[in-house]
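A.B. asks: Got a structure for you, written out below as structure tokens; questions coming shortly.
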Amino acid sequence: MKRLFRLLIGPGIILILLIMLIGQVNMQGILLSSGEDRSQMLVPVMQVRKSQVEDHSFKDNPQLNTLAEPIPNLEPVELSARLVVSHSMESEPIPLHITKRIETVAQIPSIVESHSNLRIPPQLSGDQPTRLAAECIVISTNDSGAGTLRQCMENAVAGDIITFDPTDFPPTNPVTITLSSGLPTIYADNLTVDASNAGVILDGRELSSGRGFAVWGADGVKIQGLQILHFPGFG
């Protein structure tokens, strides 16, 4: 029995020393007993501690923990994404819906306005309506301007009647209108220039050429009651 004990103790000690050199060992005992004398001995055995392995799965990542375990009957979830446009020295994240946050007033794009003095009159085609015939009364002895004979002739349409106010052109004391340039040519049909109830002298002495009245292509024109004097051409 002693011999058996020696045989067991010797190799056991050697084995324990080898394992302690290799790694961490926890000593526990296995109780052995012989058949007759019930002598007992404690045979040491070894328990090697498992290596600690770190788990770097999705469960340890708080940003991806929703991907660790599938959830049944998952409802649709709206996701957001960002598109990163890289430049040579820096990168700027831009949302996919192409909107950009403005941090300062300097980043607000300026609106460029352009103004032009060009005026393009509308081009009308076809027969255009004109005003109805009316009476234009001359109240000024000036050569041009408001209320003058020249203005009434410039605005004349077919059927107009041009008369002279007897207050400004008394019949008994005729008033002279001295022209510095020829009067507008008459193109309107049935135009009437009537000074029969007023005293009007039309003086063309300052003209180098021209006539008192010139009619071109107009029918039914009537000119009466005026004194036409000193024109280079026929009156």
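Residue numbers for the sequence shown follow my numbering, beginning at 2 and rising by one. No residue lacks a Cβ here, since even glycine has one placed at the ideal position from N, Cα and C. These numbers were taken from a predicted model, which means no experiment stands behind them.
(1) What residues are listed by DSSP as bridge partners for Thr177?
(2) With a CB to CB cut of under 6 Å and the five nearest residues on each side skipped, what residues in its chain are close to Ala157?
(3) Would you list the one or two residues that DSSP bridges to Leu165?
(4) Where does Leu192 sit, in a helix, a strand or coil, going by DSSP?
(5) Considering only their Cβ atoms, is the gap separating Pro233 from Leu203 smaller than 8 Å?
(6) Taking a contact to mean a Cβ-Cβ separation below 8 Å, would you say Asp195 touches Thr164 in this structure?
(7) Quick check: the Cα distance between Val139 and Asp166, rounded to an integer number of angstroms?
(8) Exposed or buried, what is Gly205 when buried is set at 16 or more other beta-carbons lying within 10 Å of its beta-carbon?
(9) Look up Leu133 in the DSSP assignment and say whether it is helix, strand or coil.
(10) Need the endpoints of the beta strand (DSSP E) that Leu230 sits in, please.
(11) So, under 8 Å CB-CB, Leu150 and Ile178 are touching, yes? Tell me the CB distance rounded to an integer number of Å.
(12) Tell me the residue span of the alpha helix (DSSP H) that contains Arg212.
(13) Sort out for me which residues DSSP pairs Ile20 with in a bridge.
C.D. replies: Reading off the structure:
(1) Per DSSP, the beta-bridge partners of Thr177 are Ile202.
(2) Its chain contains Ala189 and Leu192 as the residues whose beta carbon lies nearer than 6 Å to that of Ala157, once the 5 sequence neighbours on both sides are disregarded; these appear in chain order.
(3) In the sequence under discussion, the amino acid at residue 165 is Phe, which differs from the Leu named in the question. Answer is Val139.
(4) If DSSP states are grouped into helix, strand and coil, Leu192 belongs with coil.
(5) It is not a contact, given that the beta carbons lie outside the stated cut-off.
(6) Taking 8 Å as the Cβ cut-off, Asp195 and Thr164 qualify as a contacting pair.
(7) Our two residues, Val139 and Asp166, have alpha carbons roughly 6 Å apart in a direct line.
(8) Per the 10 Å Cβ criterion, buried.
(9) The answer is coil: DSSP assigns Leu133 none of H, G, I, E or B.
(10) Where Leu230 is concerned, the enclosing beta strand (DSSP E) stretches over Leu227 to Leu230.
(11) Sure, about 6 Å apart at Cβ, within 8 Å.
(12) Under the DSSP assignment, Arg212 falls outside any alpha helix (DSSP H); it carries neither an H nor an E label.
(13) Checking the DSSP bridge columns, you'll see Ile20 has no partner listed.
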